[in-house]
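Each number in the numbering used here corresponds to the 1-based position in the sequence shown with 68 added. For each residue, glycine too, the CB sits at the ideal point set by N, CA and C. Just so it is clear, the structure is predicted and the values come from calculations on it, not from any experiment. This report concerns only the one structure given below.
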Amino acid sequence: PIGYIDKGADNKILDPVRAPIVRRAFEQYASGGWSIPQLMKWANGQGLLSKSRRRKRTNEEMTKGVEKDDLPKVEAPVGRSTIESMLGNAFYLGKVRDLETDTWRPGKHPPLLVDEDGKPNETLFYKVQEVLKKKGHKYHSVDMDFFPFRKFVSCTCGRMYSPYRMKGIAYYQLKCKD
69 PIGYIDKGAD NKILDPVRAP IVRRAFEQYA SGGWSIPQLM KWANGQGLLS
119 KSRRRKRTNE EMTKGVEKDD LPKVEAPVGR STIESMLGNA FYLGKVRDLE
169 TDTWRPGKHP PLLVDEDGKP NETLFYKVQE VLKKKGHKYH SVDMDFFPFR
219 KFVSCTCGRM YSPYRMKGIA YYQLKCKD
């Protein structure tokens, strides 16, 4: 992730340039007064760039036989999706995802989000998660078909009754979680 220098699978060190910007981005977003696009513009203004990578070859370069390794590495300003994935990544707490159990476990890398004692600042990380959840957008379509009891009936699992129309036929069902 941005804020670390990759020195191999089990060797990630903090990037002295990017890490302070990433830490400050977490602090600002946790305050609740920042949106993702505002944070993206701020981070780009601070000089936060994506990790260097080789660009794709053009058709002309491919026909001339230019190898991908011959192209120079380039860095680009971070985008919205980079900021979103950064804010939701527990890697910054010093954790790695265990793919077998789909859980987070302590990693060998140093945490980027630390408190005054040098311990992982889980309070800050989970505050950011709360703000992300609160700012989740709920869309309402004004041209939805009218169905009685829409959003009045729910299952014990918490899912709402949501009728729909397909090929002129009204379907009334509840798709519950397992």
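For residue i, which residues from the same chain have a beta carbon less than 6 Å from its beta carbon, with the 5 sequence-adjacent residues on both sides left out?
i, result
"ASP166", "ARG173"
"CYS244", "CYS223, CYS225 and ARG227"
"LYS195", "ALA98"
Apply the 10 Å Cβ neighbour rule to residue i and answer buried if 16 or more other Cβ atoms are within range, or exposed otherwise.
i, result
"VAL85", "exposed"
"LYS163", "buried"
"GLY226", "exposed"
"ILE237", "exposed"
"ALA77", "exposed"
"GLY156", "exposed"
"TYR72", "buried"
Measure the beta-carbon distance from residue i to residue j and round it to whole angstroms, keeping in mind my assumption that it falls under 8 Å.
i, j, result
"LEU107", "ALA98", "Contact doesn't hold; Cβ gap of about 11 Å is too wide."
"PHE80", "HIS177", "Here residue 80 turns out to be Lys, not Phe, going by the sequence shown. With 8 Å as the limit, LYS80 and HIS177 qualify as a contact, their Cβ atoms being about 4 Å apart."
"MET154", "VAL90", "7 Å"
Taking only three categories from DSSP, how would you classify residue i?
i, result
"VAL142", "strand"
"ASP166", "strand"
"SER222", "strand"
"TRP102", "coil"
"LYS109", "helix"
"LEU84", "According to the sequence as given, residue 84 is Pro; it is not Leu. In this structure, PRO84 counts as coil in the three-state DSSP scheme."
"THR131", "helix"
"ASP185", "coil"
"TRP229", "A quick correction: the sequence has Tyr, not Trp, at residue 229. Here TYR229 sits in coil by DSSP."
"ALA238", "strand"
"THR126", "coil"
"ILE89", "helix"
Q.
Under 8 Å, with one C-beta from each stretch per pair, do the region 177 to 190 and the region 138 to 152 reach the 3-pair mark?
A. no
Q.
Does the structure place the region 136 to 145 close enough to the region 116 to 124 that three or more beta carbon pairs sit under 8 Å?
A. yes
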